[in-house]
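Mapped onto the numbering used here, the consecutive letters of the sequence shown carry residue numbers 1051 to 1188.
Quick reminder that beta carbons are idealized off the backbone N, C-alpha and C, glycines included.
Note that the structure is a prediction, hence the values are computed from the model and not measured.
For reference, the structure discussed in these notes is given below.
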Amino acid sequence: MKYARNNPLNIRYSEVNQWLGQTGERNGFCVFSEEKYGWRAAFILLRNYYKKGFRTISQIINRFAPSSENPTSNYIQFVCDKLQQLGYEAYGVEFKDSQMDLCNDMVLIDLMMVMSMFESGRKCQSDQIRSQLKDFGR
């Protein structure tokens, strides 16, 4: 099963972002020539959120999927549940308010994996994402 538009996280199209491998837009979402470019764009986008101070799951998902167009609270809960199933833990705070170290590629890829599950309903594994990113030095 392929991701619609080769865009696993359903990244919105913006004239400002001319992603590598982007071939256009459809229904307001980026279209990529290959799935690996969609994963690369997601990796860069989420890493940039982290650099701009979005550190918790709640902050990241609220930025990525605003409630004006998404069931954001359901999205946050889904991501929290899936990450906890992978063994992530929070200490002294609610899981949704725990800091995610998105400078760590493994953590970022796990987050991308569960976000893509919410966005597409498709299950994938983090090693599948890593293999898609290997052409980009990740």
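Can you check whether the CB of I1179 is closer than 8 Å to the CB of M1165?
-> In the sequence shown, residue 1165 corresponds to position 115, counting from 1. In the sequence shown, residue 1179 corresponds to position 129, counting from 1. In this structure, M1165 keeps its C-beta atom at 8 Å or more from the C-beta atom of I1179.
Beta-carbon proximity list for Q1127, same chain, < 8 Å, skipping 5 on both sides | In the sequence shown, the residue the question calls residue 1127 occupies position 77. Within the same chain, and ignoring the five residues on either side of Q1127 in sequence, the residues whose Cβ sits closer than 8 Å to its Cβ are K1146.
Kindly indicate which three-state DSSP category E1041 falls into: helix, strand or coil?
-> What is shown of the chain runs 1051 to 1188, which leaves residue 1041 out entirely.
Is it a yes or a no for the stretch 1090-1103 touching the stretch 1070-1080, going by three-plus beta-carbon pairs under 8 Å?
-> Under the Cβ criterion (8 Å, minimum of three pairs), the stretch 1090-1103 counts as touching the stretch 1070-1080.
Would you call M1051 buried or exposed, if buried means 16 or more other Cβ atoms sit within 10 Å of its Cβ?
-> Residue 1051 sits at position 1 when you count from the first residue of the sequence shown. Confidence at M1051 is low in this model, with a pLDDT of 48, below 50, so the placement of that residue should be treated as unreliable; the coordinate-derived value is given next. Residue burial is scored here from C-beta neighbours: M1051 has fewer than 16 other C-beta atoms within 10 angstroms and is therefore classed as exposed.
Please confirm if L1095 has its CB atom under 8 Å from at least one CB of chain C.
-> Within the model displayed, chain C is absent; a lone protein chain is all it includes.
Go ahead and pull the three-state DSSP assignment for G1088.
-> Along the sequence shown, read from residue 1 onward, the residue named residue 1088 stands at position 38. Helix at G1088.
Buried/exposed call for C1153, threshold 16 Cβ in 10 Å = Stepping through the sequence shown from its first residue, residue 1153 is reached at position 103. By the Cβ-count criterion, C1153 is exposed, with fewer than 16 other Cβ atoms from all chains shown falling within 10 Å of its own Cβ.
CB R1113 to CB Y1099, shorter than 8 Å?
-> Counting from 1 along the sequence shown, the entry for residue 1113 is found at position 63. Counting from 1 along the sequence shown, the entry for residue 1099 is found at position 49. Contact flag set, yes.
Classify D1185 as buried or exposed, calling it buried when 16 or more other Cβ atoms lie within 10 Å of its own Cβ.
-> Residue mapping note: residue 1185 aligns to position 135 of the sequence shown, counting from 1. By the Cβ neighbour-count rule, D1185 is exposed, with fewer than 16 other Cβ atoms within 10 Å of its own.
Where do the ends of the alpha helix (DSSP H) carrying Q1178 lie?
-> To locate residue 1178, count along the sequence shown from 1; it is residue 128. Run containing Q1178: S1176 to L1183, per the alpha helix (DSSP H) assignment.
Under the DSSP definition of a beta bridge, which residues are partnered with V1081?
-> Taking the first residue of the sequence shown as 1, we reach residue 1081 at position 31. For V1081, which the question treats as bridged, DSSP gives the partners G1074.
Would you tell me roughly how many angstroms separate the C-alpha atoms of N1124 and N1057, rounded to the nearest one?
-> In the sequence shown, counting from the first residue as 1, residue 1124 sits at position 74. In the sequence shown, counting from the first residue as 1, residue 1057 sits at position 7. If you take the alpha carbons of N1124 and N1057, they lie about 21 Å apart.
Spatially closest choice to N1060 from F1168, C1174 and S1181, by CA coordinates | Position 10 of the sequence shown holds residue 1060. Looking at the Cα atoms, F1168 is the closest of the given residues.
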